[in-house]
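Participant:
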C-alpha cells in the first residue's frame, strides 16, 4: 500500500515549483481505479510508513522468541504479557492488533489455566477477597511486639526509598530519551514540510497526516537520483561485508586455534596496524587502485572498476579479526585436539563447531560492517571525485557522498535558495534505515559484544 500510494504522487515539472507544492500539485489521484484526494493519499502513506517502521522492528525482535517457545512457555504469565501488548496497541489506536492480541491472550489463558480470562479474573478476585478477610481477622487477633513494629517501619522506609529511586531514575531516563528523540523527530517533521513551512521564522512542531508532503521524498528519490545512490550503497555494503566476514572468520580461526610458527608475532604486528590512522592507508590504497596500480578508476572506465575500488580495500578488518578471535578462544583447546584425534579436519571443525558457537558475534560483525559501509564518506568521495574522473563519476556516488555533494538549492534569478525540506528529506532517507536496523537488531548487537569479552 505504501509503495502504491507513493508511486501515485506526481512530481512538479520544475524545481521552481517545489517552492509552492500546495499550489501546483494535483489535488486528486487515481489509484487502482479509485479516485483519492491528495490529503487522503498523504494520510495513507504516513500511516503505512509508521506501521512499517514499528512493525518491521517488532517482527524481527519477536520472531525468534516466538519460534523458540515450547509447551512449557505457554502459561498465564505469557498470557498476561500478551494482554499488556494488547493494551499498548489500544493506546496507539491500532484496533486490529488490539483485537488479535486480545483474542490470542484469551486462547492462551484457556489453554494454560483451563478457563477464560473472565473466569480467571473472577476466581482471582474471590481468592484475593478471602485472603484479605483472613489477614484482617488475623490482624485483629494479633498484637504486634515493639520489635515487629520496628521491622515494619524499616520495611516501609525501604519500600518508599525504592519507589523514589525508581521514579527519579525513570524521570532522568525519560528526559535523556526526549533529548535524543527530538533531533530525529525534527528531521522527520521538516522532511514532510513545504519549502515555506521549513523556512518559517516561527516553525510548527506538528504536521498533520493529511498535510505531510511525501512529494519531497519522491522528488529526492527520482529527480535528485538518490534511488541510484542507495542501490550503489547497498551493492558496496553487501559485497564488502561478505568479503569482510569471509576473511575475518578464516583469519580469526587461524590465530585462535592453528598453531604455527610466528603466530603471536604476526598477530601482534596486525594489532600494531590498528594504531595507525586509517587516512594514512588511503594514499597507498589510492595509488594501488588508480592508473599507477591496477587501473580500476579513471576517466571513461567501466563502472566495475569504481565499485571494485570501493569494495576490495575494505574486505578485511584487523579489529573484527581481533573481535572474533576472542570468541573463538572461548572454545577449549581440548575440544579442538579431541576433534583432530578423531580425524576431523580444520575446515570441518570450523564450520561444524566454531561458526555455530560464534554466530552471535559473527552476526554483530555483519551489522557493524554494514553500518560502517553505509556511513563511509572519505574513501568513496575520493574514488568518485567528479573533478578527477569527470561527471560520469557521480553515477557511482554512495548515499553519504550524495548527501554532502548534491545541491539542494532553488534558482530564483538571484542567489540560490537552500531547499531545507529537500535536504532534510534526503537525510531522513539515509538515517531511517539505520534506525530500523538498530531497533530490530540491538539485542543481537549487545549480545555479540558481550560474548566477545567473556572468557569460558
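In the working numbering, the protein residues as written are 972 to 1427.
All C-beta atoms, glycine included, are put in the ideal place defined by N, C-alpha and C.
Being a predicted model, the structure only gives us computed values, none of them experimental.
With DSSP collapsed to three states, give me the class of residue 993.
Facilitator: The residue you call residue 993 lines up with position 22 of the chain shown. Residue placement at residue 993 is poorly supported in this model, since its pLDDT is 46, which falls under 50; the coordinates still yield a value, given next. The answer is helix: DSSP assigns residue 993 an H, G or I state.
Participant: Does residue 1175 pass the burial test, meaning 16 or more other C-beta atoms within 10 Å, or should it be called exposed?
Facilitator: Position 204 of the chain shown, counted from the start, is the residue given in the question as residue 1175. Under this definition residue 1175 is an exposed residue.
Participant: By DSSP's criteria, residue 1380 is part of a beta bridge. Which residues make up the other side?
Facilitator: As a first step, residue 1380 is located in the chain shown; it is residue number 409 there, counting from the start. Answer is 1389, bridged to residue 1380.
Participant: Looking only at C-alpha atoms, which of 1276, 1166, 1195, 1052 sits nearest to residue 1184?
Facilitator: In the chain shown, residue 1184 corresponds to position 213, counting from 1. Ranking the options by Cα distance to residue 1184, first place goes to 1166.
Participant: Residue 1116 to residue 1122, Cα distance in whole Å?
Facilitator: The count along the chain shown starts at 1 and reaches residue 1116 at position 145. The count along the chain shown starts at 1 and reaches residue 1122 at position 151. Residue 1116 and residue 1122: Cα-Cα distance of roughly 10 Å.
Participant: Looking at C-alpha atoms only, which residue of 1377, 1063, 1064, 1087 is the closest neighbour of residue 1074?
Facilitator: Taking the first residue of the chain shown as 1, we reach residue 1074 at position 103. Measuring from the Cα of residue 1074, the nearest candidate turns out to be 1087.
Participant: Can you say whether residue 1345 is buried or exposed, counting buried as having 16 or more other CB atoms within 10 angstroms of its CB?
Facilitator: Within the chain shown, numbered from 1, the residue matching residue 1345 stands at position 374. It counts as buried.
Participant: Give me the residue from 1095, 1072, 1048 with the minimum Cα distance to residue 1057.
Facilitator: In the chain shown, residue 1057 corresponds to position 86, counting from 1. Ranking the options by Cα distance to residue 1057, first place goes to 1072.
Participant: Which word fits residue 1186, buried or exposed, when buried means at least 16 other C-beta atoms lie within 10 angstroms of its C-beta?
Facilitator: For the purposes of this step, residue 1186 is identified with residue 215 of the chain shown, where counting begins at 1. Burial call: buried.
Participant: Evaluate residue 1378 with the Cβ neighbour count: other Cβ atoms within 10 Å of its Cβ, from every protein chain shown; 16 or more gives buried, anything less gives exposed.
Facilitator: Stepping through the chain shown from its first residue, residue 1378 is reached at position 407. By the neighbour-count rule (16 or more Cβ atoms within 10 Å), residue 1378 is not buried but exposed.
Participant: Identify, in the order they occur along the chain, each residue of the same chain with its Cβ nearer than 8 Å to the Cβ of residue 1356, setting aside the five sequence neighbours on each side.
Facilitator: Here residue 1356 refers to the residue found at position 385 when the chain shown is read from its first residue. Closer than 8 Å at the Cβ level, and outside the excluded window around residue 1356, lie 1364.
Participant: Leaving out five residues on either side along the sequence, give the residues of the same chain with a beta carbon under 7 Å from the beta carbon of residue 1027.
Facilitator: Counting from one through the chain shown, the residue named residue 1027 turns up at place 56. Excluding residues within five positions, the ones whose Cβ falls inside 7 Å are 1407, 1411.
Participant: In three-state DSSP terms, what is residue 1185?
Facilitator: For the purposes of this step, residue 1185 is taken as residue 214 along the chain shown, with counting starting at 1. The answer is coil: DSSP assigns residue 1185 none of H, G, I, E or B.
Participant: Cβ atoms of residue 1337 and residue 1212: under 8 Å apart, would you say?
Facilitator: As a first step, residue 1212 is located in the chain shown; it is residue number 241 there, counting from the start. As a first step, residue 1337 is located in the chain shown; it is residue number 366 there, counting from the start. Yes.
Participant: For residue 1265, does the three-state DSSP call read helix, strand or coil?
Facilitator: Along the chain shown, read from residue 1 onward, the residue named residue 1265 stands at position 294. Residue 1265 falls in the coil class under three-state DSSP.
Participant: Whose CA, out of 1049, 1237, 1243, 1304, lies closest to the CA of residue 1228?
Facilitator: The count along the chain shown starts at 1 and reaches residue 1228 at position 257. Of 1049, 1237, 1243, 1304, the residue nearest in Cα terms is 1304.
Participant: Find out if the Cβ-Cβ distance for the pair residue 1302, residue 1245 is shorter than 8 Å.
Facilitator: Position 331 of the chain shown, counted from the start, is the residue given in the question as residue 1302. Position 274 of the chain shown, counted from the start, is the residue given in the question as residue 1245. Against a cut-off of 8 Å, the Cβ pair of residue 1245 and residue 1302 comes out as no contact.
Participant: Note the first and the last residue of the continuous alpha helix (DSSP H) segment covering residue 1317.
Facilitator: Stepping through the chain shown from its first residue, residue 1317 is reached at position 346. Segment 1317-1320, the alpha helix (DSSP H) holding residue 1317.
Participant: Name the two residues that bound the continuous alpha helix (DSSP H) containing residue 1301.
Facilitator: For this step, residue 1301 is matched to residue 330 along the chain shown. Neither: residue 1301 is in no alpha helix (DSSP H) and is coded neither H nor E.
Participant: Here's the rule I'm using: 16 or more other beta-carbon atoms within 10 Å means buried, otherwise exposed. How should residue 1191 be labelled?
Facilitator: Counting from 1 along the chain shown, the entry for residue 1191 is found at position 220. Label assigned to residue 1191: buried.
Participant: Return the residue from the list 1375, 1050, 1387 that minimises the CA-CA distance to residue 1395.
Facilitator: On the chain shown, position 424 is the one that residue 1395 refers to. That would be 1375, whose Cα lies nearest to the Cα of residue 1395.
Participant: What is the DSSP secondary structure of residue 1137, counted as helix, strand or coil?
Facilitator: Here residue 1137 corresponds to residue number 166 of the chain shown, with the count starting at 1. It is helical.
Participant: Return helix, strand or coil for residue 1349, following the three-state DSSP convention.
Facilitator: Residue 1349 sits at position 378 when you count from the first residue of the chain shown. Here residue 1349 sits in helix by DSSP.
Participant: For residue 1068, which three-state DSSP category applies?
Facilitator: Locating residue 1068 in the chain shown gives position 97, counting from the first residue. Three-state DSSP puts residue 1068 in a helix.
Participant: Give the DSSP-derived three-state secondary structure of residue 1171 in the structure shown.
Facilitator: In the chain shown, counting from the first residue as 1, residue 1171 sits at position 200. In this structure, residue 1171 counts as coil in the three-state DSSP scheme.
Participant: Assuming residue 1203 contacts residue 1368 (C-beta within less than 8 Å), just tell me the rounded distance between them.
Facilitator: Counting from one through the chain shown, the residue named residue 1203 turns up at place 232. Counting from one through the chain shown, the residue named residue 1368 turns up at place 397. About 7 Å separates the two Cβ atoms, so the contact holds.
Participant: Flag this pair as yes or no: are the beta carbons of residue 1296 and residue 1239 separated by less than 8 Å?
Facilitator: What you label residue 1296 is simply residue 325 of the chain shown in a count that begins at 1. What you label residue 1239 is simply residue 268 of the chain shown in a count that begins at 1. Not closer than 8 Å, so no.
Participant: Assuming the contact rule is C-beta atoms closer than 8 Å, residue 1083 and residue 1047 should be a hit. Round their C-beta distance to whole Å, please.
Facilitator: Indexing the chain shown from 1 puts residue 1083 at position 112. Indexing the chain shown from 1 puts residue 1047 at position 76. Right, their Cβ atoms sit about 5 Å apart.
Participant: For the alpha helix (DSSP H) holding residue 1056, just list the boundary residues, first then last.
Facilitator: The residue you call residue 1056 lines up with position 85 of the chain shown. 1047-1062 is the span of the alpha helix (DSSP H), which, as asked, contains residue 1056.
Participant: Starting from residue 1256, follow the alpha helix (DSSP H) in both directions and report where the run begins and ends.
Facilitator: For the purposes of this step, residue 1256 is taken as residue 285 along the chain shown, with counting starting at 1. Note, residue 1256: alpha helix (DSSP H), 1249-1260.
Participant: Which two residues bound the contiguous alpha helix (DSSP H) that contains residue 1207?
Facilitator: Working through the chain shown from its first residue, we reach residue 1207 at position 236. It spans 1197-1228 - the alpha helix (DSSP H) in which residue 1207 sits, taken as one unbroken run.
Participant: Beta-carbon within less than 7 Å of residue 1285's beta-carbon, same chain only, minus the 5 sequence neighbours each way: which residues are those?
Facilitator: Working through the chain shown from its first residue, we reach residue 1285 at position 314. For residue 1285, where only same-chain residues beyond five positions count, the Cβ hits under 7 Å are 1211.
Participant: Look at the alpha carbon of residue 1133 and the alpha carbon of residue 1049, and state the distance between them as a whole number of angstroms.
Facilitator: The residue given as residue 1133 occupies position 162 in the chain shown. The residue given as residue 1049 occupies position 78 in the chain shown. One C-alpha to the other measures close to 27 Å.
Participant: DSSP three-state call for residue 1018: helix, strand or coil?
Facilitator: Translated into positions along the chain shown, residue 1018 becomes position 47. Three-state DSSP puts residue 1018 in a helix.
Participant: Using the Cβ count rule (16 or more neighbours within 10 Å means buried), how would you classify residue 1172?
Facilitator: The count along the chain shown starts at 1 and reaches residue 1172 at position 201. That one is exposed.
Participant: Starting from residue 1088, follow the alpha helix (DSSP H) in both directions and report where the run begins and ends.
Facilitator: Indexing the chain shown from 1 puts residue 1088 at position 117. Per DSSP, residue 1088 belongs to the alpha helix (DSSP H) from 1088-1112.
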